[in-house]
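Q: Quick note on the numbering used here: the sequence shown kicks off at 64 and runs consecutively. Glycine included, C-beta positions come from ideal geometry on N, C-alpha and C. All values reported here derive from a predicted model rather than from experimental measurement.
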Amino acid sequence: MIIFGTRTTNPTAGQGMFNCPRCGPQKPYTHKKAKRWFTLYFIPVIPLGTAGEYVECGACAGTFDMDALHYDPAAEQAEMFDRLRRLSVLAMLHAQRYQPENVAALQTALQGVTQDFVQEDVIHQDVQFAQQAQAQLEPVFGQQTQDLSADGKTLLLRIVLSTLAPSRQVAAQDHQVVHRAAAAMGMPPNVVEQHIAAYVAGQ
Ligand SMILES: [Zn+2]
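#1: Between leucine 147 and leucine 219, what straight-line distance do the alpha-carbon atoms span, to the nearest angstrom?
#2: Helix, strand or coil, according to DSSP, for asparagine 73 in the structure here?
#3: Reducing DSSP to helix, strand and coil, say where valine 176 ends up.
#4: Would you mind stating whether leucine 211 and histidine 258 have Cβ atoms separated by less than 9 Å?
#5: Between glutamate 142 and leucine 173, what straight-line distance do the alpha-carbon atoms span, to the nearest angstrom?
#6: Measuring alpha carbon to alpha carbon, tell me which of Glu116, Gln195, Met155 ends up nearest proline 74.
#7: Output the distance between the C-alpha atoms of glutamate 183 and aspartate 237, rounded to the nearest integer angstrom.
#8: Considering only C-alpha positions, which residue in the set Ala213, Asn165, Met80, Ala124 is nearest to proline 229?
#9: For a test of the three-state rule: what should DSSP assign to leucine 211, helix, strand or coil?
#10: Within the present structure, is the beta-carbon of lysine 95 separated from the nearest heavy atom of ligand 1 by less than 8 Å?
#11: Taking 8 Å as the cut-off, does the CB of glycine 125 come closer than this to any heavy atom belonging to ligand 1?
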């Protein structure tokens, strides 16, 4: 009787350090490439191709897909904060609120979220870029907020509101820009109104 079958082996395809999604930054990993084999009498004889690839953490033994090798929460967070800042700057320009008190309000609002103090120069640079690019409000808000959660969009709306109306008096031009930006993010107008009302009421 000829006994045949298949078997999967998990040879190591690479090693290095990565930011483990489970146990934290700078952990050793092994990259495993599962191979399927045709076996004869339990001996692998013919490779049947790659069955799958994964990354195994040397510290917690967790296994993750290959994307984990590019997982960098600190960089992702910094990128997200930059994005919130640039979008707020864009709203500031479109509401014609590029005044020292608005820049200061944006700095305060961002600090509340990120714990980092953003220098004025950074904001002025964002303004220059947005002006040079003639960045339109709706397309940029629509495109740059696609991966934000509902809470993320609400957070951005609050930052924009605090930037445009530091005194919590939301003028017509602020109102309009907030609604346009929110509509581009897919927020219903009545929800936007609730956020504005809550902000005006000091909540
Ligand atoms: Zn780990």
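A: If we stick to the structure as given:
#1: On the sequence shown, position 84 is the one that residue 147 refers to. On the sequence shown, position 156 is the one that residue 219 refers to. Approximately 6 Å between the Cα atoms of the pair.
#2: As a position in the sequence shown, residue 73 is number 10, starting the count at 1. Residue state, collapsed to three classes: coil.
#3: Taking the first residue of the sequence shown as 1, we reach residue 176 at position 113. DSSP places valine 176 in helix when its eight states are reduced to three.
#4: By one-based count along the sequence shown, residue 211 stands at place 148. By one-based count along the sequence shown, residue 258 stands at place 195. For leucine 211 and histidine 258, no; Cβs fall outside 9 Å.
#5: Residue 142 sits at position 79 when you count from the first residue of the sequence shown. Residue 173 sits at position 110 when you count from the first residue of the sequence shown. Whole-angstrom Cα-Cα distance: 13 Å.
#6: Against the sequence shown, residue 74 aligns to sequence position 11. Of Glu116, Gln195, Met155, the residue nearest in Cα terms is Glu116.
#7: As a position in the sequence shown, residue 183 is number 120, starting the count at 1. As a position in the sequence shown, residue 237 is number 174, starting the count at 1. Straight-line Cα distance between these residues: approximately 22 Å.
#8: Numbered from its first residue, the sequence shown carries residue 229 at position 166. Measuring from the Cα of proline 229, the nearest candidate turns out to be Asn165.
#9: Sequence index remark: in the sequence shown, residue 211 carries index 148 (1-based). Note: leucine 211 maps to coil in three-state DSSP.
#10: Within the sequence shown, the letter at position 32 stands for residue 95. No; taking the cut-off as 8 Å, the Cβ of lysine 95 has no heavy atom of ligand 1 nearer than that.
#11: Numbered from its first residue, the sequence shown carries residue 125 at position 62. Because some heavy atom of ligand 1 lies under 8 Å away, the Cβ of glycine 125 counts as near it: yes.
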